[in-house]
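Structure first, commentary second.
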Amino acid sequence: MSTEKPRGAAAKEAFSGRTMFIFAAIGSAVGLGNIWRFPYVAYENGGGAFIIPYLVALLTAGIPLLMLDYAIGHRYRGSAPLSFRRLHPKLETIGWWQLLICVVIAIYYALIIGWAMQYTVFSFSKAWGDDPASFFMKDYMKVSDQVTIGFDFIGPVLIATAIAWLVLLVVLMLGVQNGIGKLNVVLIPLLVVMFLIMVGMALTLPGAGAGLDALFTPSWSALADSSVWVAAYGQIFFSLSVGFGIMVTYASYLKPRSDLSGSALVVGFANSSFEILAGIGVFAALGFMATASGTEVSEVATSGIGLAFIAFPAIISQAPFGTLIGVLFFGALAFAGFTSLISIVEVIVAGVRDKLGLSRPAAVALVVLPLAAVSLLFFPTTTGLNLLDVVDAFVNNFGIVTAALMSVMLLTAGFSALPTLRDHINSVSSFKLGRTWMIMTGGITPLILGYILIDQVTKTASEGYNDMPQWFVNTFGWGMAASLVVIAYLLSRMPWSRRTAEAFTSPAPPIEDAYLDRKAIANKQSLTHYAGTAGRTAALGQDFSLRAIDRGTVVQKDAPWAHAAPGEVASRRSTAGSPVSHSEGELS
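Counting from 1, position 367 in the sequence shown corresponds to residue 367 in my numbering; the numbering is continuous, with no gaps.
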């Protein structure tokens with residue numbers, strides 16, 4: 001057996017402190033959606049009045065879900081599959097489902113970063129000319145008239161995407177502290193400074209006030225529209241990187257004594273602050289564009305790829321100091337996308353390390369090289385844009401939403417995990433949680449996610465998706481989303497590496513139900529996958545539980561009574577009572 005101690009958990013790598021973790025978490029949350037999605041969502045759903053449901057959604061769903069992910073990762077100290085496995089063996093599939101969602105997102109996300117990198121360079125010469133839409137669709141992406149899979153590669157796009165993957169490979173090879181942590185500490189402040197300069201310049205443009213009026217003028221009647229509230233919850237959910245393994249993985253790299261609830265509040269409000277800043281900058285620029293073209297803001301307002309790569313180039317061509325605005329905007333877009341991509345791929349790397357017991361360099365190579373190959377094969381092509389459109393819509397609307405809904409419902413009703421996770425948060429945090437957090441996490445969140453899911457399923461099933469061929473949508477949309485569940489289950493059935501199992505122990509016992517797990521408790525069987533699991537909570541610094549000692553699953557050499565006489569151990573057991581009678585809360 002190898003003498004190297006493989007990861008097996010996040011314990012062997014960690015952020016140097018809470019500050020670095022916060023920068024990394026903000027880097028993951030602040031992504032492309034903050035810049036090109038939020039401004040339009042706010043504009044379309046009541047303008048200034050949208051801030052009310054947006055803040056309600058942040059406080060009742062976004063931050064509570066952040067805390068839930070933090071608790072799972074920090075308590076069980078592993079990747080998403082390992083953390084869920086340690087929480088309860090039957091939940092391992094959820095962890096793999098979240099990891100596979102990251103696989104799908106990663107293979108197309110790098111393409112967009114490549115676009116942003118190239119458009120940063122294009123800003124110097126305004127290469128898109130007088131018709132940015134035609135340039136992007138025909139000259140740059142050379143979009144095919146056929147909605148299919150083709151392999152007509154676009155050289156410059158292929159090279160830019162490959163560079164994004166190469167930089168990612170280097171950063172992940174450097175590790176959690178020297179790679180992910182230090183990069184975010186540099187890029188996030190730089191991103192904020194760049195965007196502040198860009199927003200300041202946008203506010204000086206003629207017509208900026210008209211854009212801000214369009215964005216912030218409240219339509220109070222919109223508050224009575226349920227779709228506005230759903231849009232607010234949807235925006236918060238998609239922008240905070242919750243529900244698909246990222247925050248579970250990052251929290252596992254925190255030190256045992258780390259303020260979880262305080263960190264969630266900082267990350268949640270920092271993410272929302274950046275979104276509002278992005279909204280100001282984007283609509284100030286759109287106001288200038290509308291004024292310059294003699295039209296209304298409503299006629300130029302858009303979101304997504306259309307905003308970033310069509311509307312903004314048009315603004316840059318007409319604006320004073322347009323080149324500088326372009327470099328700042330597309331540079332910020334590239335930085336925001338890259339910090340998010342790092343977090344997405346790290347979820348996969350961590351899961352592979354845990355499952356196979358690999359070193360970081362081996363796991364990074366095993367993950368990044370195949371992902372890059374698939375990404376470069378399918379997306380920098382004349383048919384890649386249509387594929388990106390379908391895959392992105394379905395993995396978000398049906399993959400992330402469904403996985404998050406199932407995990408919250410199972411943790412709430414299936415395994416009654418919220419009280420234990422709440423207690424874990426309270427044991428290390430300054431801001432204490434109570435029943436209100438459990439109601440918001442286990443009550444409000446499933447209702448909203450369920451509504452969003454049902455609405456999207458019924459709408460897409462009845463209307464189709466963007467007039468694309470049904471076979472294409474069925475294969476790369478519905479088929480892709482359903483296959484993730486099947487593959488996740490199969491991965492959960494695969495054995496874990498012996499190196500992983502023997503080198504590490506779980507820092508906390510699984511969450512057992514006195515009735516549902518009664519057979520395991522009665523037979524004194526350990527629910528953990530690992531024979532050497534220690535029944536303690538690292539964050540609390542507690543001794544190994546008597547239940548673990550009775551089962552023989554404790555690492556005896558680390559127990560304070562490891563060298564005690566048999567009679568002394570028996571005396572301690574009898575004093576504490578039967579191990580089976582202890583509740584999970586007492587043991588953790």
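Glycine included, every Cβ here is placed at the ideal spot set by N, Cα and C.
{"Check": "In or out: Gly62 buried (at least 16 other Cβ within 10 Å) or exposed?", "Outcome": "buried"}
{"Check": "For Thr291, which of Ser221, Ile236, Ala210 has the nearest alpha-carbon?", "Outcome": "Ala210"}
{"Check": "Can you tell me which residues form a DSSP beta bridge with Phe153?", "Outcome": "Thr381"}
{"Check": "Taking C-alpha atoms, which residue in Gly46, Phe84, Val121 lies nearest to Leu333?", "Outcome": "Val121"}
{"Check": "Taking 8 angstroms as the threshold, find out whether the region 107-117 comes into contact with the region 153-168 through three or more Cβ pairs.", "Outcome": "yes"}
{"Check": "By the three-class DSSP mapping on this structure, what secondary structure does His74 have?", "Outcome": "helix"}
{"Check": "For my contact list, Phe84 and Tyr253 are in at a C-beta cut-off of 8 angstroms; report their separation, rounded to the angstrom.", "Outcome": "17 angstroms between Cβ atoms; not a contact."}
{"Check": "Pick out the complete alpha helix (DSSP H) segments inside the region 327-389, 4 residues or longer, and give them in chain order.", "Outcome": "360-378"}
{"Check": "Taking the runs of the alpha helix (DSSP H) that are 4 residues or longer, which of them lie wholly in the region 117-141?", "Outcome": "none"}
{"Check": "In three-state terms, what does DSSP make of Ile310?", "Outcome": "helix"}
{"Check": "Which residue from Pro495, Val457, Thr436, Ala365 puts its Cα closest to that of Phe398?", "Outcome": "Val457"}
{"Check": "Output needed for Ser429: all residues of its chain with C-beta closer than 7 angstroms, excluding positions within five of it in sequence on either side, in chain order.", "Outcome": "Asp259, Leu260, Ser261, Gly262"}
{"Check": "To the nearest angstrom, how far is the alpha carbon of Ile197 from that of Gly281?", "Outcome": "10 angstroms"}
{"Check": "Taking the continuous alpha helix (DSSP H) assigned at Asn396, which residues delimit it?", "Outcome": "No alpha helix (DSSP H) contains Asn396, which DSSP labels as neither H nor E."}
{"Check": "Once DSSP output is grouped into helix, strand and coil, what is the label at Phe21?", "Outcome": "helix"}
{"Check": "Work out the CA separation of Ile159 and Leu205 for me, nearest whole Å.", "Outcome": "35 angstroms"}
{"Check": "Which whole runs of the alpha helix (DSSP H) in the region 419-464 are 4 residues long or more, in chain order?", "Outcome": "435-439, 445-463"}
{"Check": "Measuring straight from C-alpha to C-alpha, what distance separates Leu369 and Val345?", "Outcome": "11 angstroms"}
{"Check": "With burial defined as no fewer than 16 other Cβ atoms inside 10 Å of the residue's Cβ, what is the status of Asn178: buried or exposed?", "Outcome": "exposed"}
{"Check": "Would the C-beta of Val185 count as close to the ligand FMN, meaning under 7 angstroms from any of its heavy atoms?", "Outcome": "Although the ligand FMN was asked about, the structure shown includes no ligands whatsoever."}
{"Check": "Any idea what DSSP makes of Phe15, helix, strand or coil?", "Outcome": "coil"}
{"Check": "Decide if Thr217 is buried, meaning its Cβ has at least 16 other Cβ atoms within 10 Å, or exposed.", "Outcome": "exposed"}
{"Check": "Where does Thr217 sit, in a helix, a strand or coil, going by DSSP?", "Outcome": "coil"}
{"Check": "State the Cα-Cα distance for the pair Leu100 and Trp478, rounded to the nearest angstrom.", "Outcome": "15 angstroms"}
{"Check": "Nearest CA to the CA of Leu590: which residue from Gly46, Val30, Val103, Gly95?", "Outcome": "Nothing about residue 590 can be read from this structure; the chain reaches only from 1 to 588."}
{"Check": "When we look at the beta-carbon of Pro361 and count the other beta-carbons within 10 Å, is it buried (16 or more) or exposed?", "Outcome": "exposed"}
{"Check": "Along the alpha helix (DSSP H) that carries Gln470, what are the first and last residues, could you check?", "Outcome": "470-473"}
{"Check": "What do you reckon, are the CB atoms on Asn271 and Val30 nearer than 8 angstroms?", "Outcome": "yes"}
{"Check": "List in chain order: all unbroken alpha helix (DSSP H) runs of 4+ residues lying wholly within the region 201-252.", "Outcome": "208-216, 226-239, 246-251"}
{"Check": "May I ask you to report which of helix, strand or coil DSSP gives Ala417?", "Outcome": "coil"}
{"Check": "Nearest by alpha-carbon distance to Thr148: which of Ala311, Trp220, Leu385 is it?", "Outcome": "Leu385"}
{"Check": "Express the C-alpha separation of Val266 and Ile22 in angstroms, rounding to a whole number.", "Outcome": "8 angstroms"}
{"Check": "Skipping 5 residues on each side, what residues in its chain have a beta carbon closer than 7 angstroms to that of Val249?", "Outcome": "Per the sequence shown, the amino acid found at residue 249 is Thr instead of Val. Once the five neighbours on either side are set aside, the close Cβ partners of Thr249 are Gly73, Ser79, Ala80, Glu346, Val347, Ala350."}
{"Check": "Could you check how far apart the C-beta atoms of Met20 and Gly200 are, in whole angstroms? I think they sit under 8 angstroms.", "Outcome": "About 28 angstroms; that fails the 8 angstroms criterion."}
{"Check": "Since Arg18 and Ala508 should fall inside the 8 angstroms C-beta cutoff, what is the C-beta to C-beta distance between them, to a whole number of angstroms?", "Outcome": "About 20 angstroms separates the two Cβ atoms, so there is no contact after all."}
{"Check": "Tell me the residue span of the alpha helix (DSSP H) that contains Asn178.", "Outcome": "Unbroken run through Asn178: none, as it is neither H nor E."}
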